[in-house]
Amino acid sequence: MLKKIYNAALTEGKSYEWLDYIANQIGGRLSSSIEAEVAIKYTEAELKELGLDKVWLQPVMVPKWTRGFKEYAFIETAGGDKTITDICALGGSIATPNLGLKAEVVEVKSFDELAALGKDKISGKIVFFNRPMDPTFIQTFEAYSGAADQRYAGAAEAAKYGAVGVLVRSLTLSMDDYPHTGAMSYGSLPVDKHIPAAAISTNGAEYLSSLLKLQPTLQFYFKQNCKTWPDVQSYNVIGEITGSTYPNEFMVVGGHLDSWDLGDGAHDDGAGVVQSMEVLRLFKKVGYKPKHTIRVVLFMNEENGLRGGKKYAEEAKKKNEVHRFALESDAGGFAPRGFSFDCGTDNFEKAKSWTSLFEPYLIHLFVRGYGGADIGPLKGNIDVLAGLVPDSQRYFDLHHAANDTFDKVNKRELELGAATMASLVYLFDTYGTK
Ligand SMILES: [Zn+2]
1284 MLKKIYNAAL
1294 TEGKSYEWLD
1304 YIANQIGGRL
1314 SSSIEAEVAI
1324 KYTEAELKEL
1334 GLDKVWLQPV
1344 MVPKWTRGFK
1354 EYAFIETAGG
1364 DKTITDICAL
1374 GGSIATPNLG
1384 LKAEVVEVKS
1394 FDELAALGKD
1404 KISGKIVFFN
1414 RPMDPTFIQT
1424 FEAYSGAADQ
1434 RYAGAAEAAK
1444 YGAVGVLVRS
1454 LTLSMDDYPH
1464 TGAMSYGSLP
1474 VDKHIPAAAI
1484 STNGAEYLSS
1494 LLKLQPTLQF
1504 YFKQNCKTWP
1514 DVQSYNVIGE
1524 ITGSTYPNEF
1534 MVVGGHLDSW
1544 DLGDGAHDDG
1554 AGVVQSMEVL
1564 RLFKKVGYKP
1574 KHTIRVVLFM
1584 NEENGLRGGK
1594 KYAEEAKKKN
1604 EVHRFALESD
1614 AGGFAPRGFS
1624 FDCGTDNFEK
1634 AKSWTSLFEP
1644 YLIHLFVRGY
1654 GGADIGPLKG
1664 NIDVLAGLVP
1674 DSQRYFDLHH
1684 AANDTFDKVN
1694 KRELELGAAT
1704 MASLVYLFDT
1714 YGTK
C-alpha cells in the first residue's frame, strides 16, 4: 500500500499544481485579507472536485492587522549621513507616529541584559535585540525557538523600561537583506504603553551592530503605518471521507491556509495545505477506503492568532467528536525526513514499529516532540498528535519573508511529503491508535 501511495503521488500527484495556483494566482494570505478569502473559496471548490463525502466551511472570527505602505528606515551617523536599511513591521505591532520615529539605539542580546541596563539606559531609546539563531542546532526549529522570544515579547519587555521602539534581528540563519516578519504581542501592557516593533534583516543587523561600536550615539529612524482593526468573519475549510467501520471516530490531516503577507506563503504553509488535500486525493486514487473518518482541515489564522485551530478543537469538544489522530504539515515543503509524535508510549512504540516500512523512502526520523500549532488545541482529547518533519536546513532562509515563494518549492520533495503523510494516516487508520 505504501508503494502504491508513493507511486501515485510521484506520477499523478496534484499538490504542486494546487500550490502553483495558491502561491502564484492568489498570493500571500494574511488572515482577513481578500487573498485569504479567495483561498478559502478555491480550496473548498477543489475539495468538492475530489468527490469527498462532505466539504464545508467552519466559521471563525479572525484578527485583522494590515501592514499599510512599505516600511522605511535608515541609520543616521555623525554629520547626518543616512544609510537605508531593510525592515518590516512585526505582525500585531502599532504604527510609528506619522512622521516616523528617530532615537538612539541600545543593542542587547537578551531580556536579562535589558533588565541589567534598566530604565536609566533604556528610556527614550530604541532597543535592538540582536541575538542570532544558534547555528549548531541541526534541527533549525530548535535554533528558532531559542531566539523567538525577542520577536514575540521584545516590545513588551523593552516598553517596561521606557523604550520608544524595538528592532529585532530577523529569525534566519542566512545573511541577506530580507526582513522576516512574525507575530509579536504586547502581553498585558496597557495600550498607551505600546511601542512600534520591526524586524531588521540580518545584514542590516550586522551593519547596525558594527556601526554602534564606532558611534554609540547614532540615530535610527523608522516609519511604519500598520494597524489593527476589528475582527472579521473567516473560515476553516474542511473535507472528509466517511469511515467504513468507525464513521464517528476522526483522523485529521491539515495545515494552515493563512500566511504572512510579504511572500506568497508557498512553504509556510501552502505546502502543508496542498499536501493535506493530497492525502485524501491519494486515498481515492489508490482505492483505499478508510475505516475511520478522515478529515482534511485547512486552518485559518495560525500566524497571528491560532483562531482556526482553537475553533476546530472547541467545536470538536462541543459535539463530543472522538478524535484519534491528527497530523500537521507546517515545517515547509522540503524533503520529508520523518515525524515527531506527541502521544503516549504505546502509540509512540507502535509508530516506531513501522520505521522499516518508511526506510525505502529515506524516512527515518521517528521522534517524540511537537505535533503542530493548529492541531495543538486538540491535545487532551486525542490519542496521537503528529507533525511531518521535513529537512529544515533551508526553511528559515525564507520563513515569514518576501522570498517564501513558489519557485523555492521542489515538486518531487513536496510530493514525497504528501505520500509520507498519507502513509502514516493509512497505518494509523488500518491498525488503530491505542
Ligand atoms: Zn506555518
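Taking the numbering used here, I'd label the letters of the sequence shown as residues 1284 to 1717.
Here a beta-carbon is modelled for each residue, glycine too, at the ideal position from N, C-alpha and C.
From the DSSP output, read off the bridge partner residues of residue i.
i, result
"I1421", "In the DSSP output, where bridge partners are listed per residue, I1421 has none listed."
"K1443", "Beta-bridge pairing links K1443 to no other residue."
"T1511", "W1348"
"F1357", "I1367 and Y1504"
"S1517", "V1343"
"L1610", "V1536 and A1669"
"H1575", "Y1529"
"E1698", "According to DSSP, which records beta bridges pairwise, E1698 is partnered with nothing at all."
"A1372", "A1481"
"G1448", "I1409"
"E1390", "F1411"
"F1622", "F1649 and L1671"
"V1562", "According to DSSP, V1562 bridges with nothing at all."
"V1580", "I1521 and G1537"
"V1321", "Paired residue(s): none; V1321 is not in a bridge."
"V1605", "E1532"
Return helix, strand or coil for residue i, following the three-state DSSP convention.
i, result
"W1339", "strand"
"E1585", "coil"
"G1524", "The sequence given here places Ile at residue 1524; Gly does not occur at that position. Strand at I1524."
"M1467", "coil"
"I1377", "coil"
"N1481", "Note that residue 1481 corresponds to Ala in the displayed sequence, not to Asn. In the structure shown, A1481 sits in a strand (DSSP, three-state: E or B)."
"A1488", "helix"
"R1312", "coil"
"Y1529", "strand"
"V1569", "coil"
"K1385", "strand"
"F1617", "coil"
"G1548", "coil"
"G1553", "helix"
"I1723", "There is simply no residue 1723 to check, as the chain begins at 1284 and stops at 1717 in what is shown."
"L1456", "coil"
"G1401", "helix"
"D1687", "coil"
"L1645", "coil"
"V1692", "coil"
"Q1676", "coil"
"I1658", "coil"
"N1664", "coil"
"T1294", "helix"
"T1716", "coil"
"Y1461", "coil"
Does the beta-carbon distance from residue i to residue j come in below 7 Å?
i, j, result
"F1622", "N1508", "no"
"G1538", "D1613", "yes"
"V1343", "M1583", "yes"
"A1386", "K1404", "no"
"G1465", "R1434", "yes"
"A1609", "L1671", "no"
"A1701", "Q1516", "no"
"A1378", "A1481", "no"
"T1511", "P1619", "no"
"I1478", "A1438", "yes"
"V1580", "I1521", "yes"
"G1487", "D1369", "yes"
"M1458", "D1712", "no"
"R1414", "K1392", "yes"
"R1607", "E1489", "no"
"G1375", "W1348", "yes"
"N1519", "Y1644", "no"
"A1549", "F1689", "yes"
Practice task
Taking 5 Å as the limit, tell me which residues put their C-beta closer than that to any heavy atom of ligand 1, in chain order.
Solution key: D1551, D1552 and D1613
Problem - Stretch pair the region 1586-1606 + the region 1645-1654: three plus CB contacts closer than 8 Å - result: Counting Cβ pairs under 8 Å, fewer than three are found: no touch.
Exercise for the section: Count the C-beta pairs between the region 1558-1571 and the region 1327-1344 that are closer than 8 Å, then say yes if the count reaches three, no if not. Expected result: Contact between the region 1558-1571 and the region 1327-1344 is present: 3 or more CB-CB pairs across the two stretches fall below 8 Å.
Exercise for the section: Pair every Cβ in the region 1525-1536 with every Cβ in the region 1284-1300, then say whether three or more of these pairs are closer than 8 Å. Expected result: In short, these stretches do not touch, since the Cβ pair count stays below three.
Problem - Contact the region 1349-1368 vs the region 1496-1513: 3+ CB pairs below 8 Å - result: yes
Exercise for the section: Determine contact between the region 1632-1643 and the region 1570-1582, defined as no fewer than three beta-carbon pairs at a distance below 8 Å. Expected result: no
Problem - Inter-stretch contact (C-beta, 8 Å, three-pair minimum) for the region 1543-1552 and the region 1484-1502 - result: no
Problem - the region 1600-1609 / the region 1547-1557 touching (three or more Cβ pairs under 8 Å) - result: Result no; under three Cβ-Cβ pairs closer than 8 Å.
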